[in-house]
Amino acid sequence: MTDVAAGNEVPRRRADAVRNNGVLLDAAAAVFVRAGVEAPVRDIATEAGVGVGTIYRHFPTRTDLIVAVYRHQVEACAAAGEILLAEEETPYAAMVRWIDLFVDFLVTKHGLAAAMHSDAAGFETLHAYFIDRLVPACALLLDAAIASGEVDTRMNALQLMYGVGNLCIGDDDPRYDARLLVTHLLAGLRRG
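Residue numbering for the sequence shown follows my numbering, beginning at 1174 and increasing consecutively.
Spelled out as structure tokens, the structure:
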């Protein structure tokens, strides 16, 4: 494969290597949800069914792993928009399922800011990546729900995502139920 812009050869990643990388990142995300981003690497290795060395070979630092998990989840959430729109019975149902995935993503995102406290520029770059990839996916679903007549709102996708994100901030308190509040927010958008 050639990098046309630079004129350099870029090696193709084997399909199994891409799949294995996805398994590692999914395992890390699951462990981060349960134990936070400071969870021991051995817990991630156990979850993924690999040795600790395999994780360090792919992600030499914890920050490398956290950033990779973040990007992996952003890509999965972005790709889910079109898939859910095709699979679900209505655009509103697709939007509700996507927002649920977005909330799952936000759970692992909370530890990112603390983990990257020394790299403000890196954090800003990731935030821009997050906005660039996820706002169009949310807009696709929101616009489809509006066009179908299921949703009546002047809210745009970015505003909806900020609203959901803000509802998820208090999720560290076990008495706080962000999903219930997000459900009410989405129900409030519904026409009729």
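All C-beta atoms in this analysis are idealised placements derived from N, C-alpha and C, irrespective of residue type, glycine included.
When the five nearest sequence neighbours on each side are left out, the beta carbons in the same chain lying within less than 8 Å of the beta carbon of G1322 are those of R1364, in order along the chain.
Taking the Cβ atoms as the reference, F1296 lies roughly 16 Å from Q1246, outside the contact range of under 8 Å. Between L1354 and L1331, the C-beta spacing is not below 8 Å.
For G1336, the enclosing alpha helix (DSSP H) covers residues A1330 to C1341. Contact between L1197 and A1221 holds, since their C-beta atoms are separated by about 5 Å, short of 8 Å. The closest CA to that of D1273, considering only L1314, D1325 and T1219, is found on L1314. Inclusion of F1232 and C1250 in the CB contact set at 8 Å is not warranted, their separation being larger than that value. Separation of the CB atoms of E1255 and R1306 is rounded to 13 Å, and the pair is thereby denied contact status at 8 Å.
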